[in-house]
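Participant: Residues 2 to 307, numbered by our numbering, are exactly what the sequence shown covers, in order. In this text, a Cβ means the ideal position worked out from N, Cα and C, and glycines have one as well.
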Amino acid sequence: MNWDGDAEPGDVGRLRCLLDNVQGLVDALTSVRWKKQQDALCEISEHGMVFTVEEWSCLQARVYFRKELFRTYDYQAQVRPRFGVSLNLLVDCLNTFTSSTGSTALELRYPGFDMQLMLKLVDANNICHSAEIRTLIPDTIPRDFSADGNFDGQSPTCFAVKSSSLKEAIDDLEWPGSSIQIKMCPDPPQVVFKGEGHGDLQIVFPYSVHADLFIAFQCEREVSYRYKYKHLRATTANIPSSILKDNRGSKLTIGEGGLLKVQHLISVRQNPMDHNHNYQTQGVRVSYIEFYVMPDEDEPDSPPSS
Numbered sequence: 002m003n004w005d006g007d008a009e010p011g012d013v014g015r016l017r018c019l020l021d022n023v024q025g026l027v028d029a030l031t032s033v034r035w036k037k038q039q040d041a042l043c044e045i046s047e048h049g050m051v052f053t054v055e056e057w058s059c060l061q062a063r064v065y066f067r068k069e070l071f072r073t074y075d076y077q078a079q080v081r082p083r084f085g086v087s088l089n090l091l092v093d094c095l096n097t098f099t100s101s102t103g104s105t106a107l108e109l110r111y112p113g114f115d116m117q118l119m120l121k122l123v124d125a126n127n128i129c130h131s132a133e134i135r136t137l138i139p140d141t142i143p144r145d146f147s148a149d150g151n152f153d154g155q156s157p158t159c160f161a162v163k164s165s166s167l168k169e170a171i172d173d174l175e176w177p178g179s180s181i182q183i184k185m186c187p188d189p190p191q192v193v194f195k196g197e198g199h200g201d202l203q204i205v206f207p208y209s210v211h212a213d214l215f216i217a218f219q220c221e222r223e224v225s226y227r228y229k230y231k232h233l234r235a236t237t238a239n240i241p242s243s244i245l246k247d248n249r250g251s252k253l254t255i256g257e258g259g260l261l262k263v264q265h266l267i268s269v270r271q272n273p274m275d276h277n278h279n280y281q282t283q284g285v286r287v288s289y290i291e292f293y294v295m296p297d298e299d300e301p302d303s304p305p306s307s
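1) Determine, using beta carbons only, whether I240 and S32 come nearer to each other than 8 Å.
2) Drop a sphere of 10 angstroms on the beta-carbon of E298, count the other beta-carbons inside from all chains shown, and report buried for 16 or more, exposed for fewer.
3) Assign L120 to one of two classes, buried (16 or more other C-beta atoms within 10 Å of its C-beta) or exposed (fewer than that).
4) Near P207, what residues of its chain come up, given a Cβ to Cβ distance below 6 Å and the 5 sequence neighbours on each side ignored?
5) Looking at the structure shown, is G196 part of a helix, part of a strand, or coil, going by DSSP?
6) What are the boundary residues of the alpha helix (DSSP H) that includes D28?
7) For Q117, is the classification buried or exposed, using 16 other Cβ atoms within 10 angstroms of its Cβ as the cut-off for buried?
8) Taking buried to mean at least 16 other C-beta atoms within 10 Å of its own C-beta, is I255 buried or exposed?
9) Looking at the strands, I want to know which residues DSSP matches up with V54.
10) Could you give the first and the last residue of the continuous beta strand (DSSP E) run that contains V263?
11) Would L260 and M295 be called neighbours here (beta carbons separated by less than 8 Å)?
12) From K184, N126, A62, H265, pick the residue whose C-alpha is nearest to that of T105; which is it?
13) So, under 8 Å CB-CB, F194 and I181 are touching, yes? Tell me the CB distance rounded to an integer number of Å.
14) Using the beta-carbon count (16 or more within 10 Å), is D28 buried or exposed?
15) Cβ of K184 within 8 Å of Cβ of S243?
16) Could you compute how far the alpha carbon of K36 sits from the alpha carbon of L109?
17) Taking DSSP's pairing of strands, which residues face T158 in a bridge?
18) Considering only the alpha carbon of each residue, which of E169, R286, A41 lies closest to K68?
19) Check whether the segment 46-64 and the segment 72-84 touch, using three or more Cβ-Cβ pairs below 8 Å as the test.
20) Does the Cβ-Cβ distance between L26 and L95 come in under 8 Å?
21) Relative to the C-alpha of S147, which residue among E257, G85, K252, A238 is closest?
22) Ends of the alpha helix (DSSP H) at T97?
23) Three or more C-beta pairs closer than 8 Å, one from the segment 128-137 and one from the segment 50-68: is that the case here?
24) Using the Cα positions of Q39 and H199, report the straight-line distance between them to the nearest angstrom.
25) Between S251 and Y65, is the Cβ-Cβ spacing less than 8 Å?
26) Go ahead and pull the three-state DSSP assignment for Y280.
27) Identify which residue in A212, P189, L19, Q24 has its Cα closest to the Cα of C220.
28) Roughly how many angstroms lie between the CA atoms of T141 and F52, to the nearest whole one?
29) Strictly by DSSP, which residues pair up with T73?
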């Protein structure tokens, strides 16, 4: 394994970065691991790294790790390189680096001579841990769900609640059946989750400015769509307990055609063993996770607008 030489010349670009909080990256990638065998597509740019996971055209997840989250981020390329990687293998490999106590920053490089992702960490005992992960040539480009849903409209239908409350509600909806209805109402302002199948279960989140359940609520007209439970559950099932305790909140937005966007925020704290680095403000040290879920039905349950 050669860490001193560079990759062969080409147009794939070069990346060398140092990450202090490996656990933050592990938590973010774990949140989008909903199957035993999954591949992720990684895109590298001057802004950071984005990992995308898809299941057909029904469910997509994206993990955004911006360059501000790294101690150093050295990127040289004329284009934005993309490569596939086994998500399970990547998470398991990163987990081995989190177990090293008193560690310095994890070094990531791409590409190696065989287009591999290269990881290295030297612990407090000066023991070097290094790994190479084989990458895959992507055969498709991920769908741009953000454009499909027109989520940047002037009055999006959305709400934000504590992450633990959202996960608890979705977990409780498992037994009724495979189809879950999400309905937002402006009067009275509330969000209704309803599961139908083997039985019926309804969970109502009433909005009040005096309660601490909601972080935000915006709804101008009643909107209702159904989603497959397995897809909805994937948005919260693997959120690590550390994220739930931090409870920054989760935001759900219903876009055009019922496309559901679920966003989570993950705090990425600095390595407490490192006191020599001047970090940027804590406000930028947040990783973003986005899920896009297609509705279960072509036609919405919403009443026609007059």
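Facilitator: The short version:
1) As a first step, residue 240 is located in the sequence shown; it is residue number 239 there, counting from the start. As a first step, residue 32 is located in the sequence shown; it is residue number 31 there, counting from the start. Yes.
2) Against the sequence shown, residue 298 aligns to sequence position 297. When all chains shown are included, E298 counts as exposed.
3) Mapped onto the sequence shown, residue 120 falls at position 119. By the 10 Å Cβ count, L120 comes out buried.
4) Position 206 of the sequence shown, counted from the first residue, corresponds to residue 207. These residues qualify, in order along the chain: Q191.
5) Reading the sequence shown from its first residue, position 195 is the one you call residue 196. In the structure shown, G196 sits in a strand (DSSP, three-state: E or B).
6) For the purposes of this step, residue 28 is taken as residue 27 along the sequence shown, with counting starting at 1. Start and end: 23-31.
7) Mapped onto the sequence shown, residue 117 falls at position 116. When all chains shown are included, Q117 counts as buried.
8) Reading the sequence shown from its first residue, position 254 is the one you call residue 255. In the assembly as shown, I255 is a buried residue. Its beta-carbon has 16 or more other beta-carbons within 10 Å.
9) The residue given as residue 54 occupies position 53 in the sequence shown. A62.
10) Position 262 of the sequence shown, counting from 1, holds the residue named residue 263. Run containing V263: 261-268, per the beta strand (DSSP E) assignment.
11) Looking up residue 260 in the sequence shown gives position 259. Looking up residue 295 in the sequence shown gives position 294. Here L260 is near M295, since their CB atoms are less than 8 Å apart.
12) Within the sequence shown, residue 105 is the residue found at index 104, counting from 1. That would be N126, whose Cα lies nearest to the Cα of T105.
13) Walking along the sequence shown from the start, residue 194 turns up at place 193. Walking along the sequence shown from the start, residue 181 turns up at place 180. The pair is a contact, with the Cβ atoms about 6 Å apart (cut-off 8 Å).
14) Along the sequence shown, one-based indexing puts residue 28 at 27. The residue is buried, with at least 16 neighbouring Cβ atoms inside 10 Å.
15) Here residue 184 refers to the residue found at position 183 of the sequence shown. Here residue 243 refers to the residue found at position 242 of the sequence shown. Not a contact, by the Cβ cut-off of 8 Å.
16) In the sequence shown, counting from the first residue as 1, residue 36 sits at position 35. In the sequence shown, counting from the first residue as 1, residue 109 sits at position 108. Rounded to the nearest angstrom, the two C-alpha atoms are 25 Å apart.
17) Counted from its first residue, the sequence shown places residue 158 at position 157. Residue pairing from DSSP places T158 in a beta bridge opposite I255.
18) Looking up residue 68 in the sequence shown gives position 67. Closest option to K68, Cα to Cα, is R286.
19) Flag = yes, the segment 46-64 and the segment 72-84 touch.
20) Against the sequence shown, residue 26 aligns to sequence position 25. Against the sequence shown, residue 95 aligns to sequence position 94. Contact: yes.
21) For this step, residue 147 is matched to residue 146 along the sequence shown. The residue with the shortest Cα to Cα distance from S147 is E257.
22) The count along the sequence shown starts at 1 and reaches residue 97 at position 96. For T97, the enclosing alpha helix (DSSP H) covers residues 88-99.
23) Counting Cβ pairs under 8 Å, fewer than three are found: no touch.
24) For the purposes of this step, residue 39 is identified with residue 38 of the sequence shown, where counting begins at 1. For the purposes of this step, residue 199 is identified with residue 198 of the sequence shown, where counting begins at 1. Per the coordinates, the alpha-carbon of Q39 lies some 30 Å from the alpha-carbon of H199.
25) Here the question's residue 251 lines up with position 250 in the sequence shown. Here the question's residue 65 lines up with position 64 in the sequence shown. No, they are not a contact pair.
26) Here residue 280 refers to the residue found at position 279 when the sequence shown is read from its first residue. In this predicted model, Y280 has a pLDDT of only 40, less than 50, meaning its place in the structure is not dependable enough to derive any value.
27) For the purposes of this step, residue 220 is taken as residue 219 along the sequence shown, with counting starting at 1. Of the listed residues, the one whose Cα sits closest to C220 is P189.
28) Along the sequence shown, read from residue 1 onward, the residue named residue 141 stands at position 140. Along the sequence shown, read from residue 1 onward, the residue named residue 52 stands at position 51. Spanning the two alpha carbons is a distance of roughly 14 Å.
29) For the purposes of this step, residue 73 is identified with residue 72 of the sequence shown, where counting begins at 1. DSSP output for T73 lists L19 as bridge partner(s).
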